[in-house]
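**Q** The structure under discussion is supplied below as C-alpha cells; questions concerning it will follow.
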Amino acid sequence: MISKRCFAITSSDIRKIFSTSSKDTINLGIGEPDFTTPKHIVEAAKRALDEGKTHYTPNNGIYELRKEISNRLKMDYNLDISPENIIITCGASEGLMLSFMSLVDRGDEVIITDPAFLSYRNLIQLCEGRPVPVKLEEDFSLDIEKVKESITDKTKCIVVNTPGNPTGKVMSKEEVKGISDIAEDYNLIIISDEVYDKIIYDRKHYSPIRYTDNCIVVNSFSKTYAMTGWRIGYLYVSENLNSDFRIIDHMTKIHQYSFACATSFAQYGALAALRGDQSCVYEMVKEFRGRRDLMVKGLRDVFKLYPPEGAFYVFPNTEEYGTGKEIVKRLMERGVLAVPGVAFGEGSKYYIRLSYATKYEYLERAVEIIRETLLGGM
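Note that the numbering used here has the sequence shown beginning at 275, numbered continuously upward.
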C-alpha cells in the first residue's frame with residue numbers, strides 16, 4: 275500500500291532525540307535561533323493581516339519581495355539577479371526540494387559532503403537519485419580533487435553549504451572557485467545552500483553563483499531574522515541558466531502543484547525584514563559570537579575541535595572517548611542534549627554536534643557538565 279519512496283527516506287535522528295528529552299534538559303541539539311522574531315517584522319505581518327492580505331499571491335511570490343531580494347543581492351554581493359529569476363518558497367527546505375525535483379531523475383548521482391545537513395541525502399533519495407558523499411578534511415575543508423574523483427557519467431549535481439551545518443565551516447574563495455570550475459568543466463549544477471550566509475564571524479562569504487551560471491542558490495529568512503516558524507525562504511538562478519533551460523518555469527510548476535505559494539502575510543513580514551534596520555541581525559550575530567567563544571574556550575581541551583567560522587554549531591571529535599552516539603547517550607543522562615555526528619554522514623560517527631543557539635547561562639552549565647562527564651570519568 276505504501277509507496278517505495280517512503281521507505282527510501284528515514285525520519286530525522288534529531289527529531290527522535292528531541293522526543294526523548296525532558297523539559298529540564300539543556301538543549302544543544304536545536305538548529306534554530308533562540309531569539310524571537312524582531313518586532314518590526316511581526317508588526318508588518320500583522321498589518322498585512324489587518325489589510326486583508328490573506329489570499330493567494332503569485333506562485334513565485336509577491337513582486338515587491340522578489341525585487342527587494344534582487345536589490346539586496348546587488349548591495350551585499352554585487353550580484354545581478356532579476357526578480358523573474360527568484361522564487362519565494364516555504365522555507366529553504368522547499369527550495370532544496372524544488373531544486374532536486376527539477377534536476378534529479380532515477381539513478382542520477384548527486385555529490386554531497388560528509389558530514390552534511392541530513393535533508394540532502396533524504397531529498398535526493400526521495401527523487402530516486404543516489405547521494406555520493408565526499409569526506410571533508412579534518413578541518414572540514416573540501417578537497418576539490420576528491421570531488422573530481424567522485425564524478426561519473428551519472429553525476430548531475432553537487433551540493434555545497436557555506437557556512438556549513440553541522441561544521442560551522444565557511445568555504446574559502448579557492449574552494450568555491452574550485453567547485454565552480456568543476457561545474458563548468460563537467461556541465462554539472464551546483465545547489466548552494468546559503469541559509470547561514472549572514473551568520474559569519476571570521477571569514478567572508480563567497481557564493482558559487484559569482485563564478486558560474488551553473489548554480490541554484492537556496493536561502494531563507496529563518497536563521498538570519500529568527501523566523502524559523504514563518505516558513506519563508508527563496509531560491510534564485512542566473513539569467514543565463516534560466517534562459518538556457520527555463521529552470522525557474524519548471525520549479526514554479528512543481529511549486530504551484532505542491533504549495534501554490536508561500537504564506538501571503540509571511541511574505542510581507544519578510545519584506546519588512548529586508549527593508550528594515552539590520553541592527554537586529556548584527557546584534558544576534560554578536561551574541562552568537564560570544565556564545566561560540568564560550569564553547570570553544572570551555573571545550574578545546576576536552577575535544578579536538580576547530581572553532582566554527584559561521585552558523586551556530588560546534589562539531590568536536592569524540593574519538594578519544596567513544597562514538598558520537600555513545601557520548602550523546604552519556605550527556606543525555608546528565609541532562610545535556612546533543613546530536614551524534616552519524617546523523618550527518620556515516621563518516622562522522624566520532625563526532626557530535628553542539629548548538630550554541632541557546633542562552634549563555636545554559637551554555638555555561640552545559641560546558642561544566644560536558645567537562646565533568648568526560649574529564650571526570652563520570
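Where a beta carbon is used, it is the ideal one built from N, C-alpha and C, also for glycine.
1) Between which residues of its own chain and F309 is the CB-CB distance below 6 Å, once the five residues before and five after are set aside?
2) Spell out the partners DSSP gives C489 in its beta bridges.
3) Quick check on V610: does DSSP put it in helix, strand or coil?
4) So is T328 buried or exposed if we call it buried at 16+ other beta carbons inside 10 Å?
5) Run the CB neighbour count on F586, radius 10 Å, all protein chains shown included, and call it buried at 16 or more, exposed below.
6) Quick one: Cα of I283 to Cα of G584, how far?
7) If distances are taken between C-alpha atoms only, which option among A640, K623, Y625 and Y624 comes closest to A631?
8) V469 by DSSP, collapsed to three states: which one?
9) Just how far apart, CA to CA, sit K571 and I361?
10) DSSP three-state call for N352: helix, strand or coil?
11) Distance check for L370 and G452, CA to CA, integer angstroms please.
12) Using DSSP's beta-bridge definition, name the partner residues of K409.
13) Pull up the distance between the alpha-carbon of D388 and that of K623, whole angstroms please.
14) By Cβ distance below 7 Å, which residues in the same chain neighbour I521 in space, the five residues on each side in sequence not counted?
15) Under three-state DSSP, which class holds G651?
16) Name the two residues that bound the continuous alpha helix (DSSP H) containing N514.
17) At which residues does the beta strand (DSSP E) containing I238 begin and terminate?
18) Using the beta-carbon count (16 or more within 10 Å), is G651 buried or exposed?
19) When you compare only the Cα positions, how much space is there between L400 and A390?
20) Need the endpoints of the alpha helix (DSSP H) that L573 sits in, please.
21) Does the stretch 408-416 come into contact with the stretch 464-475, if we say contact requires no fewer than three beta-carbon pairs (one atom in each stretch) closer than 8 Å?
22) Starting from R549 and walking both ways along the alpha helix (DSSP H), at which residues does that stretch end?
23) With C-beta atoms as the reference, is P614 less than 7 Å away from V602?
24) If I measure Cβ to Cβ from F577 and keep anything under 7 Å in the same chain, skipping five residues before and after, which residues do I get?
25) Quick test of your reading: S393 and V408, contact by CB under 8 Å. State the CB separation rounded to the nearest angstrom.
26) In the DSSP assignment, the beta strand (DSSP E) including L302 goes from what residue to what residue?
27) Could you check whether A544 and C506 sit closer than 7 Å to each other, using their CB atoms as the reference points?
28) For M569, is the classification buried or exposed, using 16 other Cβ atoms within 10 angstroms of its Cβ as the cut-off for buried?
29) Would you decide whether M275 is buried or exposed? Buried here means 16 or more other CB atoms lie within 10 Å of its CB.
30) Can you name, in chain order, every residue of its own chain whose Cβ lies under 6 Å from the Cβ of R340, other than the five neighbours on each side?
31) Between I644, L397, N439 and T429, which has its C-alpha nearest R574's C-alpha?
32) Is it right to say D471 is buried, meaning 16 or more other beta carbons lie within 10 angstroms of its own, or is it exposed?
33) Give me the Cα-Cα distance between I355 and L347, rounded to the nearest whole angstrom.
34) Looking only at its own chain, which residues have a Cβ that is under 8 Å from the Cβ of T597, when we skip the five neighbours before and after it?
35) Going by DSSP, what residue range makes up the beta strand (DSSP E) through I626?
**A** With the given structure in hand:
1) A500 and M558
2) I464
3) strand
4) exposed
5) buried
6) 29 Å
7) A640
8) coil
9) 41 Å
10) coil
11) 22 Å
12) D388
13) 11 Å
14) S376, V511 and L515
15) Interpretation of G651 is limited by its pLDDT of 48, a score under 50 that renders its predicted location unreliable; the figure taken from the coordinates is listed afterwards. Looking at G651 - three-state DSSP - the assignment turns out to be coil, as it is neither helix nor strand.
16) E513 to F519
17) The requested residue 238 is not part of the displayed model; the chain covers only 275 to 652.
18) Note that G651 has pLDDT 48, beneath the 50 cutoff, so the model's placement of it is unreliable and no number is given.
19) 17 Å
20) S553 to L573
21) no
22) S538 to R549
23) yes
24) P590, N591 and T592
25) Not confirmed; about 17 Å, so no contact.
26) Premise fails: L302 is in no beta strand (DSSP E) and is neither H nor E.
27) Looking at the sequence itself, residue 506 is Ile, so the reference to Cys does not match. Yes; because the gap between Cβ atoms is below 7 Å, this pair is in contact.
28) buried
29) exposed
30) P357 and I360
31) I644
32) buried
33) 7 Å
34) P614, V616, K623 and Y624
35) I626 to S629
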